[in-house]
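The next block holds one structure in the form of structure tokens; read it before the comments.
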Amino acid sequence: MVALTLSPTKTLFLNSHLLHSTFKPHFINPYSTKTQSLHSSRFLSFNLVTCKLKSPQDIKNKDKKISKKIVLSEAAPSLAEKGGDGDGGGGGGEGNGNGEVKAKSGGNLMRLVKRFPRKVLGILSNLPLAIGEMFAVAALMALGTFIDQGEAPDFYFQKYPEDNPVLGFFTWRWVLTLGFDHMYSSPVFLGTLVLLGASLMACTYTTQIPLVKVARRWNFLDSSEAIRKQEYSDTLPRASVQDLGVLLMGAGYEVFLKGPSLYAFKGLAGRFAPIGVHLAMLLIMAGGTLSAAGSFRGSVTVPQGLNFVVGDVLGPTGFLSTPTDAFNTEVHINRFYMDYYDSGEVSQFHTDLSLFDLDGKEKMRKTISVNDPLRYGGITIYQTDWSFSALQILKDDEGPFNLAMAPLKINGEKKLFGTFLPVGDAESPNVKGISMLARDLQSIVIYDLEGKFSGVRRPGSKLPIDIDGSRIVIVDAIGSSGLDLKTDPGVPIVYAGFGALMLTTCISFLSHSRFEEGNGLAMLM
Numbered sequence: 001m002v003a004l005t006l007s008p009t010k011t012l013f014l015n016s017h018l019l020h021s022t023f024k025p026h027f028i029n030p031y032s033t034k035t036q037s038l039h040s041s042r043f044l045s046f047n048l049v050t051c052k053l054k055s056p057q058d059i060k061n062k063d064k065k066i067s068k069k070i071v072l073s074e075a076a077p078s079l080a081e082k083g084g085d086g087d088g089g090g091g092g093g094e095g096n097g098n099g100e101v102k103a104k105s106g107g108n109l110m111r112l113v114k115r116f117p118r119k120v121l122g123i124l125s126n127l128p129l130a131i132g133e134m135f136a137v138a139a140l141m142a143l144g145t146f147i148d149q150g151e152a153p154d155f156y157f158q159k160y161p162e163d164n165p166v167l168g169f170f171t172w173r174w175v176l177t178l179g180f181d182h183m184y185s186s187p188v189f190l191g192t193l194v195l196l197g198a199s200l201m202a203c204t205y206t207t208q209i210p211l212v213k214v215a216r217r218w219n220f221l222d223s224s225e226a227i228r229k230q231e232y233s234d235t236l237p238r239a240s241v242q243d244l245g246v247l248l249m250g251a252g253y254e255v256f257l258k259g260p261s262l263y264a265f266k267g268l269a270g271r272f273a274p275i276g277v278h279l280a281m282l283l284i285m286a287g288g289t290l291s292a293a294g295s296f297r298g299s300v301t302v303p304q305g306l307n308f309v310v311g312d313v314l315g316p317t318g319f320l321s322t323p324t325d326a327f328n329t330e331v332h333i334n335r336f337y338m339d340y341y342d343s344g345e346v347s348q349f350h351t352d353l354s355l356f357d358l359d360g361k362e363k364m365r366k367t368i369s370v371n372d373p374l375r376y377g378g379i380t381i382y383q384t385d386w387s388f389s390a391l392q393i394l395k396d397d398e399g400p401f402n403l404a405m406a407p408l409k410i411n412g413e414k415k416l417f418g419t420f421l422p423v424g425d426a427e428s429p430n431v432k433g434i435s436m437l438a439r440d441l442q443s444i445v446i447y448d449l450e451g452k453f454s455g456v457r458r459p460g461s462k463l464p465i466d467i468d469g470s471r472i473v474i475v476d477a478i479g480s481s482g483l484d485l486k487t488d489p490g491v492p493i494v495y496a497g498f499g500a501l502m503l504t505t506c507i508s509f510l511s512h513s514r515f516e517e518g519n520g521l522a523m524l525m
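The opening position of the sequence shown corresponds to residue 1 in UniProt numbering, with each subsequent residue numbered one higher.
As structure tokens, this is what we get:
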């Protein structure tokens, strides 16, 4: 039975087994292309023909049916009168041709758009490209350790001058233009990380996920030839499927039976491990990026007994840095003190800190030291340095007076601080006085008006010393605490990424294997 749909809508039913799928009706237009006027008439055109045919094979096998479609592309042309010109029909034909060209070009554009993501994925998942991106990231990180980070422009002007470039070409212009003074938040470094992350995701999508899907698929092979084609196969003429399943379960396999066929596998987690490794690396890169572009950092040296506000010290490191309510916290230095070795060298220094909110309520108190920071509201306060702020003395039983201690430049890394107590007319151009020097907070070396050594006193000993008619008592040595403050929201993400990386790397050593049996043939993959 064949149904033909015509326009205008009419249906013809043809009972013939001789109709073939190559049937293509063709209608001849009785009118000339130069006809000036047309009488009212209807033109016959085919839209779509659906045929259900019976061939000699169908007569033998009545259960099978062949469904074919015939599209009639050579329909009768329609003539239209345009401006009384007989060539109007030709113009209409050209219009249809342009429409077909536009349709084809639009189809090609759509196919190109659909293929574009596949081409991009193929390029990004290229292993040599990913390895090159990893080497580029490593090279930029090494360059970041070579170039001092976060310094003022004058520092780079002096260290990388144009008249004496490093390696013959590297000057301060490279550093400041490419943002290498803040390497880990520079566009070059972040862009390379983004490319590496895209390559990891593309590799996961195009390679690792399909491998997992194949590994999870249960294959019950019934064909002996399919089993023999595998790399490892053997014939088990006397084997029982049930006994074989018990043996495989004892070897750690997951066993599935389907009639006379058996399928078993183990180590499926090893197939998931590469995906976990890629995700862990993405976590590490995301956390590192957030740390570089979303943190706050700052340092301050505060004398004992004074305060500072956290928000006044911290500065943003990148475009993702966002302050929190904890930035309004006020920090008070209750006490600063140091521990010493038997040789007199400084072994450790401590700072007793109190944290207050806007209402003046103490929120936290802790004594910090090197490698023992304070953490509050996402802010970490580290003990990193110390200084000598002031020396408190009594002069002729008057005072106490606070004499500011100034750092003095000496050879080597040891610190030296000094102060001066004028004696007599302080406005005189040739004023003289008592000099006091100290390397730390435990002892003060005193010199007279002529610069000669007079003695050593410990702060708080209350032991006076007489110098040129003046009686001096060292009451206290006031130190300053050197603190580093930072917020780093990427640290938890980086730690999680490294933990996942170690775990998935260990899991990846689990080998995945499959065992299939059917028709007395066994195959191990």
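Ideal Cβ positions, reconstructed from N, Cα and C, are used throughout, including at glycine.
Work out the CA separation of residue j and residue i for me, nearest whole Å.
i	j	result
Ser-480	Tyr-382	14 Å
Leu-483	Thr-301	6 Å
Ser-508	Leu-268	10 Å
Pro-429	Ala-326	51 Å
Gly-469	Asp-397	13 Å
Thr-317	Gly-455	49 Å
Glu-427	Leu-421	13 Å
Gln-392	Met-436	12 Å
Val-166	Asp-154	17 Å
residue 597	Lys-486	Any property of residue 597 remains undetermined from this structure, which presents the chain solely from 1 to 525.
Asp-372	Leu-178	36 Å
Leu-320	Gly-490	11 Å
Met-502	Tyr-495	11 Å
Leu-244	Cys-506	30 Å
Leu-355	Thr-145	34 Å
Pro-492	Arg-173	36 Å
Leu-248	Lys-258	16 Å
Answer yes or no: do residue i and residue j have a C-beta to C-beta separation smaller than 8 Å?
i	j	result
Val-310	Val-331	yes
Gln-208	Pro-274	yes
Leu-140	Val-188	yes
Met-338	Asp-488	no
Gly-497	Ala-251	no
Leu-129	Ser-199	yes
Gln-442	Tyr-341	no
Phe-180	Leu-143	yes
Ser-185	Ala-286	no
Val-241	Leu-193	no
residue 527	Glu-133	Since the first and last residues shown for the chain are 1 and 525, residue 527 lies out of range.
Val-475	Leu-403	no
What distance in whole Å lies between the Cβ atoms of residue j and residue i, which are believed to be in contact at a cut-off of 8 Å?
i	j	result
residue 577	Leu-306	Outside the displayed span of the chain (1 to 525) sits residue 577, for which this structure offers no information.
Gly-315	Phe-296	6 Å
Thr-367	Asp-352	5 Å
Pro-459	Ile-444	7 Å
Thr-206	Leu-121	5 Å
Asn-328	Leu-358	6 Å
Thr-322	Gly-378	Not confirmed; about 11 Å, so no contact.
Quick one: give me the first and last residue of the alpha helix (DSSP H) that residue i is part of.
i	result
Ser-389	Element bounds for Ser-389: not the alpha helix (DSSP H) but the beta strand (DSSP E), 379–395.
Gln-158	153–159
Arg-365	Counting along the chain, Arg-365 falls outside any alpha helix (DSSP H), though it belongs to the beta strand (DSSP E) covering 362–369.
Ser-495	It is Tyr, not Ser, that sits at residue 495 in the sequence shown. Looking at the DSSP string, the run of the alpha helix (DSSP H) that includes Tyr-495 is 491–507.
Ile-444	Not the alpha helix (DSSP H): Ile-444 falls in the beta strand (DSSP E), residues 444–447.
Glu-133	127–146
Ile-472	It is not in any alpha helix (DSSP H) - Ile-472 instead sits in the beta strand (DSSP E) that spans 470–487.
Phe-189	187–203
Arg-439	Premise fails: Arg-439 is in no alpha helix (DSSP H) and is neither H nor E.
Ile-274	The sequence as given places Pro at residue 274; Ile does not occur at that position. Segment 269–293, the alpha helix (DSSP H) holding Pro-274.
Gly-318	Run containing Gly-318: none; DSSP gives neither H nor E here.
Leu-247	241–250
Using only alpha-carbon positions, find the residue among the options that is nearest to residue i.
i	options	result
Phe-417	Asp-466, His-350 and Met-405	Met-405
Ile-434	Thr-207, Leu-124, Thr-419 and Ser-443	Thr-419
residue 582	Ser-461, Ile-478 and Gly-132	No answer is possible for residue 582: the residues shown for the chain start at 1 and end at 525.
Gln-348	Val-370, Ser-354 and Pro-303	Val-370
Ile-211	Ser-240, Leu-257 and Phe-272	Note that residue 211 is Leu in the sequence shown, not Ile. Checked all of Ser-240, Leu-257 and Phe-272; the closest Cα to Leu-211 is Phe-272.
Gly-150	Leu-176, Lys-452, Leu-449 and Leu-248	Leu-176
Would you mind reading off the limits of the beta strand (DSSP E) that contains residue i?
i	result
His-332	330–340
Pro-165	Counting along the chain, Pro-165 falls outside any beta strand (DSSP E), and DSSP gives it neither H nor E.
His-350	346–356
Gly-298	296–303
Arg-457	453–457
Ala-404	398–404
Asp-466	465–467
Thr-177	Not the beta strand (DSSP E): Thr-177 falls in the alpha helix (DSSP H), residues 172–177.
Gly-418	417–423
Is the Cβ of residue i closer than 8 Å to any Cβ of chain B?
i	result
Asn-402	Protein chain content of the structure displayed is limited to a single chain, and chain B is not contained in it.
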